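Here is the structure we will look at, set down as structure tokens.
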Amino acid sequence: MPHPASSQAPGVRIDGLTVVYKTPAGELPAVRDVSLTLEPGTITGIVGESGSGKSTLALSLLNAVQPPGRIAAGSVEIDGLGDVVGLSGERLRKARGAHIGYVFQAAQNSLNPLKTVGKQLLDLGRSHGVDDLRGLVREARELLGRMGLDGARVLDSHQHELSGGMRQRVGIMLALVLNAHVVVLDEPTTALDMITQANILKIVREVHAERGLTTLVITHDIGVVAEVADRLAVMYGGRLVEQGPTREVLGAPRHPYTRGLIQAIPRLVGDIDEARALPGRPPTLATVPTAGCVFRERCALRMDVCETDDPAAVAHGTRIVACHAVKVREHA
Amino acid sequence: MITGNGITKTFRQRGNVLAGRDVQALRGVDFAIAKGGAASFIGESGCGKTTLGRIIAGLETYDAGEISIGGTPMSGLKPKQRQPHFRKIQMIHQDPYSALNPTRTVHQTLQAPLALRAKQTGRSRQWMDERAAEVLALVGLDPGTVLSRYPHQLSGGMRQRVVIARALTVDPEMLVADEAVSMIDVSLRLGILALLKDLRERLGVSVLFITHDVATARYIGDDGELYVIYRGQVVERGPVDTVIADPVHPYTQSLLSAIPVLHGLELPGEQPVVPLESLDESQPDTGCLFARRCPFRTERCEGERPVLGRTECVPQEHACFHPERRSVVARPMSEV
Amino acid sequence: MSATLLPETTSTSAAMRRNFWRGVWRVMRRKPSRMAGVVILAGFILMAAFGPLFYPDHLPSDPDSISRPPSWEHWFGTDPQGRDVLTLVITGSRYVLLSAGVTALITVVVGTAIGLFSGFRRGRWDTVLMRITDMKLTIPSLPLLLVLATVWKFGNPLQMGLVLGLFGWGGVARAVRAQTLSLRERGFIEAARGLGLSTRHIIGKELLPSMAPYIAMNMLIAVTGAVYAQVGLFFLGVLPYESDNWGVMLNLAVFQAGAMITPNALGYLLAPLLAILLLTLGIVLVVDAMDEIFNPRLREE
């Protein structure tokens, strides 16, 4: 193994993060007061629907929120790097890639269609001041080989010559080749076929273990998280409503949204009639309530207090849940 | 009743003289969908399921074979004569964002086909307005609030409902739903699926559901038929629950094995099938189309192509020389 | 149910039109620059329509004040024949704007029709029409206009507009065709065909409104193009001086009044230039609003 897992995986601590977007109606929060710890060497999955703020949260990890958005409060501490929110300019650029690797959505064409993968790799190396470009290419070829591709051939290819699954593997290679140990995967399997998805998820798991990474997977698909993640965090309307060990959250969801979401997944087995859609629709930046619980409009357990007070994220054993109803039941 | 026999379609790749080669999208597909029935085409992207759906909806031509709508074969008809038949089959597109004209309100969107219908049958404007309200109510939308809206003022789920309402304005016999929920938020998908099932039961509309997500196919009705399509050929066909619970074709098994397991709620299947990475696609296929990726292939598979049919002890049709049941699907933990 | 719905829907189209104009007003108010653009354009149109009515056909010339610099009496000075320059700009605007309007109309109508037909029908018609368009695009229009000017005097602004329009539709046709090709693959066009709606409906109600901002922008840009082209022709002096046109003024200012040598004629040179500049500015400012006017989402936000 070229990389002994001895290189300690860094931990990431997101604390009180708030990201706002400037709109004609004023600054609206896309991510509100989110605290999340990525333990070293774990895979954390963030699940959310459109408008939940999951992608904005992922971008915050690189301090790459684009205007009209900005990080309004909070910090993102990464071991060996410090608070990313405080970084800027050249130091921030170097940190992206060298410390934090980002794999863009599979559906997006994040590769330059005019250049071969190899050329883009060299560009990446040069912009990060890598002296040993030969070594970089060797490393890239090894990584691609590890993922079941013919490295030399892929480096000579243009984007259009690669299938969706191959592109996604190239994306993972580019994120890891500079030896980053924090990796963010944004919708890694959206628009990929089932079998290709299973392959990519297997690769993510294996590469994560072999290289000693701390990984964050962002997705709308609970199945993807269930397959790869150790911990699961559920976002809704910019808030982190529930987090905990994946199996526990899936087996016994606490927050009414998590419960509704799991119930709404079409399943291969079991009673069809047990599954049902959540009433209402997910909020957008403009419609998300500014006071009170963000989920109350669709919630079956809604109480008076939900109208006025935003429930705080409270730890219940290994689980952190932000819901008034959950608290009440435990006290009762 | 809509049936197809031996539907074949080849896409000629133009432009690139050197690398251009014909793509066989469909290799003689048979299907039959009863009035009020349900069928699902599943398979990976590029397998031909969408092409077949578009052919059935009259949006694409085919090279050989015969489609009959309500007993009338289409091949003998001129394009103009075919149109009223194909109008009975309405397509629900995958992307509810591009399926509605952004410059037209829901009212305008529904009025256009209704006006055509009113003209043909000599009905009044009042009938059009009533009918618009009726189809919106059928898809679970409140006409009062929705009619004056533009598409951008509706959520993805509501848009897809408007698209379905628009299809209902022509009293279709069948809806062809091509990945109709894949772009809808997860919490709302079941609502659309339940709507399709409901329309089947209430209006007797048959539904053809095209998807890569096998699980969704169950939700338009457990009496539906599942067609598993691989590279333009139906490789397995049977009742939805039978095929999911007891698949016999290695490709179906690979597809089902690839579906993520909800650990904590489910236990993975015991004999997952992982297909081999396909190495050389340029070689002509002489035998079974799946042979190159099949972990269970034999010499016979490479020389001879199996056709869809029945064998003893297997309730569904399949195209495999060595059908064998394998337990590939996850089971709910509550059942264990 | 029908009783409550009926009155509502019979008045829907009127209500929608009202909403549309309210939306346009909102879009315009959003940026002061757009209002400025509208005011400028409206000013020019009024000037072209009614300005010349205030003056006799043959402008009075004052032999005592020839080629005077700007003064309180003559804001932009006088020309070598002793006529007021500002008056010349006003009387000249009708020719310029009328022919530019005709050009824009022809450009857009011909270009849109050919582009739409080509993109919608595809196949053989497309090939033929696009070859013609390409041929037309390769014709160098300026030399050809110069040749045409030797036989045709362009005394009538409509003639000028017609000729420039017939030279100018190629670009619009190509652009509209490209838009049509991409739009016809969109779900809502396919759905319209699946529902059996007529081609007239598909083109008139589905395709055209989606391209409206595009077409409107092209039309406004065609106006500026036409203004430059004709002013240029008159400036070059290949056309007779009888016409009232800003180009004639520029020509006379440079070659007769000697604006390059004497500051006295500077006003004579600057006045038509300023008019052209202002008109262009007005158009550019209005073009900025087109996208928002025709897109319901942007209009209402």
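Line order of the protein sequences matches chains A, Z and W.
Here our numbering = 1-based position in the first sequence + 1213.
Here our numbering = 1-based position in the second sequence + 24.
Here our numbering = 1-based position in the third sequence + 378.
Glycine is no exception: its CB is placed at the ideal position from the N, C-alpha and C atoms.
These figures come from a predicted structure and were not determined experimentally.
Would residue i and residue j qualify as a contact pair, given that the criterion is a beta-carbon distance under 8 Å?
i	j	result
W/Ala570	W/Ile581	no
W/Pro591	W/Ile671	yes
Z/Arg224	Z/Ala56	no
Z/Val205	Z/Ile188	no
Z/Pro339	Z/Thr266	yes
Z/Gly288	A/Thr1255	no
A/His1371	A/Thr1329	yes
A/Gly1377	A/Leu1405	yes
Z/His356	A/Gly1483	Correcting the residue type first, residue 356 of chain Z is Pro in the shown sequence and not His. Cβ atoms of Z/Pro356 and A/Gly1483: closer than 8 Å.
Z/Gln118	Z/Glu203	yes
W/Met589	W/Val554	yes
W/Leu657	W/Phe428	no
A/Gly1450	A/Pro1496	yes
Z/Ser230	Z/Lys112	no
A/Val1397	A/Glu1352	no
What does the Cβ neighbour count give for residue i, buried or exposed, with the cut at 16 atoms within 10 Å?
i	result
A/Asn1325	exposed
W/Met513	exposed
A/Leu1429	buried
Z/Ala239	buried
Z/His342	buried
W/Trp403	exposed
Z/Gln132	buried
Z/Cys337	exposed
A/Ile1195	This structure gives no information on residue 1195 of chain A, because the portion of chain A shown stretches from 1214 to 1545.
List the residues of chain W that residue i touches, going by C-beta distances under 8 Å, in chain order.
i	result
Z/His176	Pro674, Arg675
Given this structure, state the Cα-to-Cα distance separating residue i from residue j, to the nearest angstrom.
i	j	result
A/Asp1369	Z/Ser278	31 Å
W/Leu384	W/Leu573	Note on W/Leu384: pLDDT 40, under 50, position unreliable in the model; no value is reported.
Z/Leu291	A/Arg1532	22 Å
A/Val1260	A/Gly1457	12 Å
Z/Met152	W/Pro674	25 Å
Z/Ser172	W/Pro535	45 Å
A/Lys1548	A/Gly1295	The structure shown does not extend to residue 1548 of chain A, since chain A is modelled only from 1214 to 1545, so the question has no answer here.
Z/Ala282	Z/Val272	16 Å
A/Ala1243	A/Phe1508	14 Å
Z/Arg213	W/Ala393	35 Å
W/Arg629	W/Gly470	According to the sequence as given, residue 629 of chain W is Asn; it is not Arg. One C-alpha to the other measures close to 13 Å.
Z/Gly89	Z/Gly77	15 Å
Z/Tyr174	Z/Val130	6 Å
Z/Arg261	A/Glu1440	29 Å
A/Gly1258	A/Ala1465	17 Å
Z/Ser179	A/Val1518	28 Å
A/Met1214	A/Ala1311	At A/Met1214, the pLDDT of 38 sits below 50, so the modelled position is not reliable and the matter cannot be decided from this model.
W/Phe566	A/Val1420	44 Å
A/Arg1283	A/Ala1526	23 Å
A/Val1343	A/Asp1336	10 Å
Z/Arg51	Z/Cys325	18 Å
Z/Ile31	W/Gly497	30 Å
A/Pro1524	A/Met1448	14 Å
Could you tell me which chain W residues have their CB closer than 7 Å to the CB of residue i, listed as they occur along the chain?
i	result
Z/Asp119	Gly565
Z/Arg185	Neighbours of Z/Arg185 on chain W: none; closest Cβ ~14 Å, over 7 Å.
Can you list the residues of chain Z that residue i reaches, using a CB-CB cut of under 9 Å?
i	result
W/Ser588	Asn125, Pro126, Thr127
A/Gly1358	Those within 9 Å of A/Gly1358 in chain Z number zero; the least Cβ separation is about 13 Å.
W/Gly455	What W/Gly455 touches in chain Z: nothing, since even the nearest Cβ is about 51 Å away.
For a contact meaning CB atoms closer than 7 Å, what does residue i contact in chain Z?
i	result
A/Leu1463	Leu286, His287, Gly288, Leu289
Listing by chain order, which chain A residues have their CB less than 8 Å from the CB of residue i?
i	result
Z/Arg355	Val1482
For the ligand ATP, is there any heavy atom lying closer than 7 Å to the beta carbon of residue i?
i	result
A/Ala1446	The ligand ATP is absent from the structure shown, which contains no ligand whatsoever.
Mind listing the chain W neighbours of residue i? Cutoff is C-beta to C-beta under 9 Å, in chain order.
i	result
Z/Ser20	Not covered by the structure: residue 20 of chain Z. The range shown for chain Z is 25 to 360.
Hey, which unbroken runs of the alpha helix (DSSP H) at 4 residues or more fall wholly within the region 383-425 of chain W? 390-408
Mind pulling the alpha helix (DSSP H) runs of 4 or more residues that sit fully within the region 1370-1449 of chain A? 1377-1389, 1407-1424, 1435-1441
Whole alpha helix (DSSP H) runs in the region 1317-1371 of chain A with 4 or more residues, listed along the chain? 1330-1340, 1346-1359, 1364-1368
Runs of alpha helix (DSSP H) lying entirely within the region 1476-1533 of chain A, each at least 4 residues, in chain order: 1517-1521
What runs of the alpha helix (DSSP H), each 4 residues or longer, lie entirely inside the region 49-124 of chain Z? 73-80, 103-110
Mind pulling the beta strand (DSSP E) runs of 3 or more residues that sit fully within the region 244-287 of chain Z? 249-254, 257-263
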